[in-house]
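Colleague:
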Amino acid sequence: MIDLSKITYRAVVVTESGNQYNIKNYVENLGWEENENEIAVRSSFTVRNDSTSKGYLSNIIKPGCLIGIFASDGGSLDEEVARGYVEGWNPVQQNSGSTLKCTCYDELYKLQKSQDNLYFPSGTGTQAAIIGILDDWEIPTEDEYKGPNAAHGRLKYNNQYLADIIRELLDDAAKKGEKKCILRSVAGKTNVLPKGSNKTVYVFKADNTKVVSESMSISNLVTRVKVMGQATDEGNSSVEATLNGLIQYGIRQRIYVRGSDESLADATSAAQEILDEKGNIIKEISVQSPDVPFIRKGDLVYLMVGTSEGYFFVKGIRHDVDTYSMTMDLEVTDQGGGAGGRTSSGSSTAGDKSYEVGDVVNYHGGTHYVSSYPDAKGHGARAGKAKITIKNGSGKAHPWHLVHVDSGSNVYGWVDNGSFD
Numbered sequence: 038m039i040d041l042s043k044i045t046y047r048a049v050v051v052t053e054s055g056n057q058y059n060i061k062n063y064v065e066n067l068g069w070e071e072n073e074n075e076i077a078v079r080s081s082f083t084v085r086n087d088s089t090s091k092g093y094l095s096n097i098i099k100p101g102c103l104i105g106i107f108a109s110d111g112g113s114l115d116e117e118v119a120r121g122y123v124e125g126w127n128p129v130q131q132n133s134g135s136t137l138k139c140t141c142y143d144e145l146y147k148l149q150k151s152q153d154n155l156y157f158p159s160g161t162g163t164q165a166a167i168i169g170i171l172d173d174w175e176i177p178t179e180d181e182y183k184g185p186n187a188a189h190g191r192l193k194y195n196n197q198y199l200a201d202i203i204r205e206l207l208d209d210a211a212k213k214g215e216k217k218c219i220l221r222s223v224a225g226k227t228n229v230l231p232k233g234s235n236k237t238v239y240v241f242k243a244d245n246t247k248v249v250s251e252s253m254s255i256s257n258l259v260t261r262v263k264v265m266g267q268a269t270d271e272g273n274s275s276v277e278a279t280l281n282g283l284i285q286y287g288i289r290q291r292i293y294v295r296g297s298d299e300s301l302a303d304a305t306s307a308a309q310e311i312l313d314e315k316g317n318i319i320k321e322i323s324v325q326s327p328d329v330p331f332i333r334k335g336d337l338v339y340l341m342v343g344t345s346e347g348y349f350f351v352k353g354i355r356h357d358v359d360t361y362s363m364t365m366d367l368e369v370t371d372q373g374g375g376a377g378g379r380t381s382s383g384s385s386t387a388g389d390k391s392y393e394v395g396d397v398v399n400y401h402g403g404t405h406y407v408s409s410y411p412d413a414k415g416h417g418a419r420a421g422k423a424k425i426t427i428k429n430g431s432g433k434a435h436p437w438h439l440v441h442v443d444s445g446s447n448v449y450g451w452v453d454n455g456s457f458d
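Residue 258 in this note's numbering sits at position 221 of the sequence shown, and the numbers go up by one each step.
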């Protein structure tokens, strides 16, 4: 457990010549953030533009310089929590003195700002596609790839931003049964990581949380997905499948075009995944609390405040050093939780015994599915110990969601009644 009252920060600049200077005594308005629809970390700060033994800070901190932000808990944790290259450089002269305002982004910013035309033939793996992009743009990567590696259909991108291409590859891999993953940079090395892969899960209760805001919305709800076949030479395409969701809220339709080398079963499964992801009432939770500078976007946290209790993924986070506070935007995980979404206290059965979310069971092996619906795509899964994370899935054909708890099994999906004890 960390003592939040002992958290300290420092900022370091690496100059054009490679020299490093600790500028913590000059910095104010320091903060950094990771937003939901961005892959790069954004940091910003203001420094007093004083004359030092090395000259004015505006002559030391220049566009392109590397800025590192470090945090310590006064004990065993002392590590880099954010870094970025100066993109915005704004010296301001006033009667009261001179200041320098800077905005920085990490290595992934170039992918947010760059477009390209890319083609991936059918069968290209997620790893090869993403690592190829990172290598082409000379972005350093960790030695061990930790992300998904699904086989994709033929993909062609014209004039698309590279960050969007990578997100689409990760989303497509998730639709094919792989773990949901994010791309992020840590201490200058980039990798693809499963959401919730953090080893330390921080718990937020009423006594260490300032504000919890909860809301629900159907404004972006998808209630129907049509699977369309390939267009003919005349430009026409036929409807091959129609999947309905919460149509009681009206028809809000998405189109999924089946790839030329994609089976109808796979296309229908992918369309169902769209409904699974977009066909639910949006629950948004924002948490303000004292700053834990080591929390990143994609991390798993546990919330126990009001009607919100359970595990959540951090989908956006903003750290403010001056106020020692942070704001997290959370999303519900497959492990339960959310506004009005407590783990159910009722009982369900698999075989002759009642099981609850959180129970560790003995999975017999067989098939795990990408959703709980009857036509969901399945993959082979090994037997072993697994935790129940959801029960009574909305499709009910495969009503249990299991996640393996050791390396013996690889189950991570929806399974049938009687497949465990």
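Each residue gets a CB set at the ideal place from its N, CA and C atoms; glycine is no exception.
1. Do Gly111 and Asp180 have their C-beta atoms within less than 8 Å of each other?
2. Please list the segments of the beta strand (DSSP E) lying wholly inside the stretch 279-362, counting only runs of 3 or more residues, in order along the chain.
3. Can the beta-carbon of Leu199 be found less than 8 Å from the beta-carbon of Ile170?
4. Ends of the alpha helix (DSSP H) at Glu211?
5. Just mark Tyr286 as buried or exposed, buried being the case when its beta carbon has 16 or more other beta carbons within 10 Å.
6. Just to confirm the assignment, what range does the alpha helix (DSSP H) spanning Leu145 have?
7. State buried or exposed for Thr163, treating a residue as buried only when at least 16 other CB atoms are found within 10 Å of its CB.
8. How is the alpha helix (DSSP H) around Leu220 delimited, first residue to last?
9. Looking at the unbroken beta strand (DSSP E) that takes in Thr404, where does it start and where does it end?
10. Excluding the 5 residues preceding and the 5 following Val398 in the sequence, name in chain order all residues of the same chain whose CB lies nearer than 7 Å to its CB.
11. State the CB to CB distance for the pair Arg191 and Gly296, rounded to an integer number of angstroms; the pair is presumed to be in contact (CB under 8 Å).
12. By the 10 Å Cβ neighbour count, where 16 or more other Cβ atoms means buried, how is Leu367 classified, buried or exposed?
13. Is Ser95 helix, strand or coil when you go by DSSP?
14. Identify, in the order they occur along the chain, each residue of the same chain with its Cβ nearer than 6 Å to the Cβ of Ser384, setting aside the five sequence neighbours on each side.
15. According to DSSP, is Gln267 helix, strand or coil?
16. Beta carbon of Ser42, beta carbon of Asn86: below 8 Å?
17. Which residue marks the beginning of the beta strand (DSSP E) containing Thr260, and which one marks its end?
18. Does DSSP put Asn195 in a helix, in a strand, or in coil?
19. Can you list, in chain order, the residues of its chain with a C-beta nearer than 8 Å to that of Lys315? Leave out the 5 residues immediately preceding and following it.
20. So, for Asp298: in the same chain, excluding its five sequence neighbours on each side, which residues have a beta-carbon less than 7 Å away from its beta-carbon?
21. Okay, do the stretch 276-283 and the stretch 219-232 touch, 3+ Cβ pairs below 8 Å being the bar?
22. What span of residues does the alpha helix (DSSP H) with Gly11 cover, start to end?
23. Could you give the distance in angstroms between the alpha-carbon of Glu205 and the alpha-carbon of Lys236?
24. Output the distance between the C-alpha atoms of Ala108 and Phe331, rounded to the nearest integer angstrom.
25. Measure the C-alpha to C-alpha separation of Glu144 and Asp443 and round it to an integer number of angstroms.
26. Using the beta-carbon count (16 or more within 10 Å), is Leu439 buried or exposed?
27. Could you give the distance in angstroms between the alpha-carbon of Val248 and the alpha-carbon of Arg355?
28. In three-state terms, what does DSSP make of Lys247?
29. Out of Tyr410, Ile318 and Gly450, which has the shortest C-alpha to C-alpha gap to Val369?
30. Just to confirm my understanding: we take Val51, look at its own chain, exclude 5 residues before and 5 after, and list those with CB closer than 6 Å. What are they?
Modeller: This is what the structure holds:
1. If you number the sequence shown from 1, residue 111 lands on position 74. If you number the sequence shown from 1, residue 180 lands on position 143. Taking 8 Å as the Cβ cut-off, Gly111 and Asp180 do not qualify as a contacting pair.
2. Runs found: 290-294, 319-327, 337-342 and 345-357.
3. The residue you call residue 199 lines up with position 162 of the sequence shown. The residue you call residue 170 lines up with position 133 of the sequence shown. In this structure, Leu199 sits near Ile170, with a CB-CB distance shorter than 8 Å.
4. Residue mapping note: residue 211 aligns to position 174 of the sequence shown, counting from 1. Residue 211 is actually Ala in this sequence, not Glu. Taken as a continuous stretch (DSSP letters only), the alpha helix (DSSP H) holding Ala211 covers Leu199 to Lys212.
5. Translated into positions along the sequence shown, residue 286 becomes position 249. With fewer than 16 other Cβ atoms within 10 Å, it is exposed.
6. Taking the sequence shown and counting its residues from 1, the one referred to as residue 145 is at position 108. Looking at the DSSP string, Leu145 is not in any alpha helix (DSSP H), and its letter there is neither H nor E.
7. Translated into positions along the sequence shown, residue 163 becomes position 126. Buried, because 16 or more other Cβ atoms sit within 10 Å of the Cβ of Thr163.
8. Within the sequence shown, residue 220 is the residue found at index 183, counting from 1. Careful: Leu220 lies outside any alpha helix (DSSP H), inside the beta strand (DSSP E) at Cys218 to Val223.
9. Here residue 404 corresponds to residue number 367 of the sequence shown, with the count starting at 1. Element bounds for Thr404: Gly403 to Tyr406.
10. In the sequence shown, counting from the first residue as 1, residue 398 sits at position 361. Result list for Val398: Tyr392, Ala423, Ile425, Phe457 and Asp458, in chain order.
11. Walking along the sequence shown from the start, residue 191 turns up at place 154. Walking along the sequence shown from the start, residue 296 turns up at place 259. Their Cβ separation, rounded to whole angstroms, is 6 Å, which keeps Arg191 and Gly296 in contact under 8 Å.
12. Reading the sequence shown from its first residue, position 330 is the one you call residue 367. The residue is buried, with at least 16 neighbouring Cβ atoms inside 10 Å.
13. The residue you call residue 95 lines up with position 58 of the sequence shown. Three-state result, Ser95: helix.
14. The sequence position of residue 384 within the sequence shown is 347, counting from 1. Low confidence applies here, because Ser384 scores a pLDDT of 30, under 50, leaving its location unreliable; read the following figure in that light. Correct list, in chain order: Ser391.
15. Here residue 267 corresponds to residue number 230 of the sequence shown, with the count starting at 1. If DSSP states are grouped into helix, strand and coil, Gln267 belongs with coil.
16. Reading the sequence shown from its first residue, position 5 is the one you call residue 42. Reading the sequence shown from its first residue, position 49 is the one you call residue 86. No. Outside cutoff.
17. By one-based count along the sequence shown, residue 260 stands at place 223. In this chain, Thr260 is not harboured by any beta strand (DSSP E), its DSSP state being neither H nor E.
18. Walking along the sequence shown from the start, residue 195 turns up at place 158. The answer is strand: DSSP assigns Asn195 an E or B state.
19. Sequence index remark: in the sequence shown, residue 315 carries index 278 (1-based). Same-chain partners within the cutoff: Asn257, Leu258, Val259 and Arg291.
20. If you number the sequence shown from 1, residue 298 lands on position 261. Around Asp298: Ser159, Gly190 and Arg191.
21. no
22. Residue 11 is absent from the model: the chain starts at 38 and stops at 458.
23. As a working mapping, residue 205 is identified with position 168 in the sequence shown. As a working mapping, residue 236 is identified with position 199 in the sequence shown. Rounded to whole angstroms, Glu205 to Lys236 spans 27 Å at the Cα level.
24. Here residue 108 is taken as the residue at index 71 of the sequence shown, counted from 1. Here residue 331 is taken as the residue at index 294 of the sequence shown, counted from 1. Looking at the two C-alpha atoms, the distance is approximately 8 Å.
25. Along the sequence shown, read from residue 1 onward, the residue named residue 144 stands at position 107. Along the sequence shown, read from residue 1 onward, the residue named residue 443 stands at position 406. Cα to Cα, Glu144 sits roughly 34 Å from Asp443.
26. Translated into the one-based positions of the sequence shown, residue 439 becomes position 402. By the 10 Å Cβ count, Leu439 comes out buried.
27. Along the sequence shown, read from residue 1 onward, the residue named residue 248 stands at position 211. Along the sequence shown, read from residue 1 onward, the residue named residue 355 stands at position 318. Approximately 14 Å, taken between the alpha carbons.
28. Reading the sequence shown from its first residue, position 210 is the one you call residue 247. Reduced to three states, the DSSP call for Lys247 is coil.
29. What you label residue 369 is simply residue 332 of the sequence shown in a count that begins at 1. Nearest of Tyr410, Ile318 and Gly450 to Val369, Cα basis: Ile318.
30. Against the sequence shown, residue 51 aligns to sequence position 14. Hits under 6 Å: Gln57 and Leu103.
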